[in-house]
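The letter at position 203 of the sequence shown is residue 203 when you use UniProt numbering, and the numbering goes up by one with no holes. Okay, structure first, notes after.
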Amino acid sequence: MSEYDPQALQAKWQQRWEEQDTFRASEDPADPRERRYMLDMFPYPSGDLHMGHGEVFAIGDVVARYWMQQGYNVLHPIGWDSFGLPAENAAIKRNAHPAEWTYANIETQANSFRRYGIAFDWSRRLHTSDPDYYRWNQWLFNRFFERGLAYRKGGLVNWCPNDQTVLANEQVVAGKCERCGADVIRRELTQWYFKITDYAQRLLDDMAQLDGWPERLLTMQRNWIGRSEGADVLFEIEGRDEPVHVYTTRPDTLFGATFFVVAVDAALAAEIVTDEQRAAYEAYRAETAKLSDIERLATDKEKTGVFLGRYAINPVNGERIPVWAADYVLADYGHGAIMAVPAHDQRDLDFALKFELPVKVVVHTGLADPGETGEATPGEGVLVNSGPLDGLDKTEAIAKIIEVLEVDGRGTGAVNFRLRDWLLSRQRYWGTPIPIIHCPDCGEVPVPDEQLPVTLPDLRGEALAPKGVSPLASATEWVNVECPKCSGPAKRDTDTMDTFVDSSWYFLRYCSPGFNDGPFDVEQVRKWGPIDQYVGGIEHAVLHLLYSRFFTKVLHDMGMVDFSEPFLRMLNQGQVINGGKAMSKSLGNGVDLGKQIDDFGVDAVRLTMVFAGPPEDDIDWADVSPAASQKFLARALRVMSEVTSEPGVSFDDGDPELRKVTHHTIDEATKLVDSYRFNVAVARMMELTSAARKAIDTGRGPADPAVREAAETLAILLSLVAPYTAEEGWERLGRTGSVSFGGWPVADPALLVQESVTCVVQVAGKVRDRLEVPPGIGEDELRELALASEKVASYLRGTPRKVIVRAPKLVNIVP
1 MSEYDPQALQ AKWQQRWEEQ DTFRASEDPA DPRERRYMLD MFPYPSGDLH MGHGEVFAIG
61 DVVARYWMQQ GYNVLHPIGW DSFGLPAENA AIKRNAHPAE WTYANIETQA NSFRRYGIAF
121 DWSRRLHTSD PDYYRWNQWL FNRFFERGLA YRKGGLVNWC PNDQTVLANE QVVAGKCERC
181 GADVIRRELT QWYFKITDYA QRLLDDMAQL DGWPERLLTM QRNWIGRSEG ADVLFEIEGR
241 DEPVHVYTTR PDTLFGATFF VVAVDAALAA EIVTDEQRAA YEAYRAETAK LSDIERLATD
301 KEKTGVFLGR YAINPVNGER IPVWAADYVL ADYGHGAIMA VPAHDQRDLD FALKFELPVK
361 VVVHTGLADP GETGEATPGE GVLVNSGPLD GLDKTEAIAK IIEVLEVDGR GTGAVNFRLR
421 DWLLSRQRYW GTPIPIIHCP DCGEVPVPDE QLPVTLPDLR GEALAPKGVS PLASATEWVN
481 VECPKCSGPA KRDTDTMDTF VDSSWYFLRY CSPGFNDGPF DVEQVRKWGP IDQYVGGIEH
541 AVLHLLYSRF FTKVLHDMGM VDFSEPFLRM LNQGQVINGG KAMSKSLGNG VDLGKQIDDF
601 GVDAVRLTMV FAGPPEDDID WADVSPAASQ KFLARALRVM SEVTSEPGVS FDDGDPELRK
661 VTHHTIDEAT KLVDSYRFNV AVARMMELTS AARKAIDTGR GPADPAVREA AETLAILLSL
721 VAPYTAEEGW ERLGRTGSVS FGGWPVADPA LLVQESVTCV VQVAGKVRDR LEVPPGIGED
781 ELRELALASE KVASYLRGTP RKVIVRAPKL VNIVP
């Protein structure tokens, strides 16, 4: 072991950790340590670990190991998000069962995780496709159903023609399936939903608790929830008994409404179209069905529509305005109908000009008439042509018109959200069966809790091929059951749940994975929750995180958790790319994590991942060097191996200069890790290694107590990013127990006092002198010292054009 042999170190210490169950969180009630919960977004078992896994789990492990060193009782669990389409598609291709592919991949990843040296508590391991996990998905569904938060309705949904299943709005990106990239179409289906909209305002309000989240992530959630304030206005439609509700954020512009638009696919359009216009409407609706929502809302798309043969009555002035069906209004926005104010909305104006409809200015902005220019004017200005609103500004006019509408019973102030209810039905096999039985007499009947879980029937191969309905529908023996209420013939629901249901509460199950009396032990969750640190990709900013927050709030209302936000702090990692581009087979620029580990060792790969830059930045593997990381680790291990003083020696007798370097490193590394600047902390470890090496070679030698202090500090700091090397170095230093619990060192304030700082002086960008100056020197004094330097003067001809001073460490002179 005198030479640095990463594979030998890995075999030795991996075995030791497994034998001793080193990283298991303590459940001893007498354990006095404060608890901390560190969570990584759990992986999907689509194959072996890849470079992205290598980055995110290396980053999360820095936090977990740092807390262990600080003396916390740390829960750092691992599990697998193991339901989903990839397994089902693989099973169809291989004529097998999805479980075979899934669990084989889980074992592959589990072995790779052990090799990768992540400090997991393996006793908490879970798989969401296990019946003893998804039983509780079904139990929670029943509780949601009882509270009116799970319901079934018909309507237009997003349909992926490739995967043959519905998608939630959040799973449609730029009109395409978020998973496979196919163009999404709209289809009429009856589906199950979770009523997340009941929690829209709380999801916004409780963001005040999330000061440990990146602002861009919070912004993405706010935008998706999309709260707006305005009014619900009642429009009479000639020939219809009930008025139509229209939501608008600009009720002050009501006097400028010159036509009325209904979403072409809204039930209202089909209801009110006249017999004379029905054929034209049906043809237009069929054509629109081919378009995605993104295409329909594109600003550069030519406006299309059809007159429905009806007229609406503008409630503020009694004017008859024509009712049109158009594709630029969506059925699930507001009430699926809008009042069109073409002078002050570009989409309405484009439509009005196309179909020669009136344009009426009601906000004076000082700009030219939109009807002539073709450009709608912004809504800021003074109201005109608006009766009682004339002369008011926007804010005053909105308040006034809402007051008028409410007095007359023609409208009311309202809040609207972009957020829509969570569509959770999926027409595929490999997921949690929805625990509902459909009885012709009793309706929708939940499967009794004592009959859970409703397990999946054994389907495989071609039986799983997508058919537009769930493959479960073909399992007639499984489908046909007795109604739990009346014992009459009934049928099971054949859809399965969106896999985001599985991941919306898994972090609670980790607190008591073997618990049989509920989805989790409430008392254990109160001890461990909420999660202190969550690490994962920004791509989950809306989907997973929003759903997890929703679930937590429902569980809080049920009295099962005592917190309303699940994740106190979030850390998003970047991507690992290669040559400036995302890795892909087509580009031939993929990098295999296992091969990198074979070539350079786990510690070198992990160190490279962390050292490449801040966690949120992308890592370009073409620009980094695991070989250089391996060389550094060899140097660090040699330093720890050469120490000859005994453990427990007094450090006070050591070389004071090396001790200062050590304590400055401790002080800076602590601040850097606390602020997620892990890459700079690694740089400080490298500097400490060099200082210790110099002390051994040219200073007091390996017996100097200061060398031992530096080496022990290095082992503890290095354990965050290179655990195998750190463990070996700790042992060679004569220390017992795992370095992971060596105890984070504390900097001595007396050794942090700087008597002088080295200031670099540059002329035309090149270093020409170094000055030893007091740490608190002012800019003016430092400028004078730099200009007075003989070395600097020899490179200047006359007065310099600019002198840039960054006291106390840099002066840059532009001649």
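Beta carbons: idealized from backbone N, C-alpha and C, even for Gly. All values reported here derive from a predicted model rather than from experimental measurement.
Asked, Found
"Does residue 818 come out as helix, strand or coil in the three-state DSSP assignment?", "Outside the shown range of the chain, which is 1 to 815, sits residue 818, and nothing can be said about it."
"Which residues in the same chain have their Cβ closer than 7 Å to the Cβ of Phe194, if we skip the five residues on either side of it in sequence?", "Phe144, Leu149, Ala150, Asp421, Trp422, Leu424"
"Specify, as a first and last residue, the run of the alpha helix (DSSP H) that Phe507 falls within.", "506-509"
"Excluding the 5 residues flanking His76 on each side, which residues of the same chain have their C-beta closer than 7 Å to its C-beta?", "Phe23, Met38, Ala64, Ala119, Phe120, Asp121"
"According to the Cβ coordinates, are Tyr676 and Leu571 closer than 8 Å?", "yes"
"How close, in whole Å, do the beta carbons of Gln346 and Ala326 come, if the pair is a contact with beta carbons under 8 Å?", "The pair is not a contact, with the Cβ atoms about 14 Å apart (cut-off 8 Å)."
"Any idea if Ala726 is buried or exposed, counting beta-carbon neighbours within 10 angstroms, 16 or more meaning buried?", "buried"
"Let's see if you can read the secondary structure: which residues bound the alpha helix (DSSP H) around Met686?", "678-698"
"For a test of the three-state rule: what should DSSP assign to Met1, helix, strand or coil?", "Since pLDDT at Met1 reaches only 39, below the 50 mark, its modelled position is unreliable, and no value is offered."
"Put Ile716 into one of helix, strand or coil per three-state DSSP.", "helix"
"Can you list, in chain order, the residues of its chain whose CB lies under 6 Å from that of Gly461, leaving out five sequence neighbours each side?", "Asn95"
"Just verifying my parser: in three-state terms, what is the DSSP assignment at Gln7?", "helix"
"Tell me whether the beta-carbon of His438 lies closer than 8 Å to the beta-carbon of Asp369.", "no"
"Looking at residue 820: is its Cβ nearer than 8 Å to the Cβ of Asp40?", "Given a span of 1 to 815 for the chain in the structure shown, any question on residue 820 remains unanswerable."
"Going by DSSP in three states, Met339 sits in which element: helix, strand or coil?", "strand"
"Distance check for Gly654 and Met686, CA to CA, integer angstroms please.", "21 Å"
"What residue from Ala622, Asn480, Gln524 has the CA that sits closest to Tyr510's CA?", "Gln524"
"On a CA-only basis, which of Glu772, Leu607, Asp704 is nearest Asp652? Give me that one, please.", "Asp704"
"For Met560, does the three-state DSSP call read helix, strand or coil?", "coil"
"Put Met497 into one of helix, strand or coil per three-state DSSP.", "strand"
"Residues in its own chain within less than 7 Å of Gly47 by CB, not counting five upstream and five downstream?", "Asn105"
"Quick one: grab the DSSP three-state call for Pro370.", "helix"
"Kindly give me the distance between the Cβ atoms of Pro815 and Val763, rounded to whole angstroms, as I take these residues to be in contact under 8 Å.", "6 Å"
"Measuring only the C-alpha atoms, how far is Phe255 from Gly387?", "8 Å"
"Could you check if Ile804 is buried or exposed, using at least 16 other CB atoms within 10 Å of its CB as the buried criterion?", "exposed"
"Express the C-alpha separation of Leu330 and Leu156 in angstroms, rounding to a whole number.", "10 Å"
"Excluding the five sequence neighbours on either side, which residues of its own chain have a C-beta within less than 7 Å of the C-beta of Arg659, listed in chain order?", "Phe651, Ala706, Glu709, Leu751"
"Taking buried to mean at least 16 other C-beta atoms within 10 Å of its own C-beta, is Lys360 buried or exposed?", "buried"
"Should the region 206-222 be regarded as contacting the region 300-314, the criterion being three or more beta carbon pairs within less than 8 Å?", "no"
"Given this structure, state the Cα-to-Cα distance separating Pro749 from Glu642, to the nearest angstrom.", "28 Å"
"Note down, in chain order, each residue of its chain lying with its Cβ closer than 7 Å to the Cβ of Ile538, except the 5 sequence neighbours on either side.", "Leu217, Asn572"
"Compute the beta-carbon to beta-carbon distance between Phe259 and Ala343, rounded to the nearest angstrom, for a pair I have assumed lies under 8 Å.", "Rounded, the Cβ-Cβ distance is 12 Å, inconsistent with contact."
"To the nearest angstrom, report how far apart Ile777 and Thr395 are at their CA atoms.", "54 Å"
"Taking 8 Å as the threshold (beta carbon to beta carbon), is Val610 in contact with chain D?", "The displayed structure is made up of one protein chain only, and chain D is not part of it."
"Kindly confirm or deny that the region 572-586 and the region 52-66 touch, where touching means at least three C-beta pairs closer than 8 Å.", "yes"
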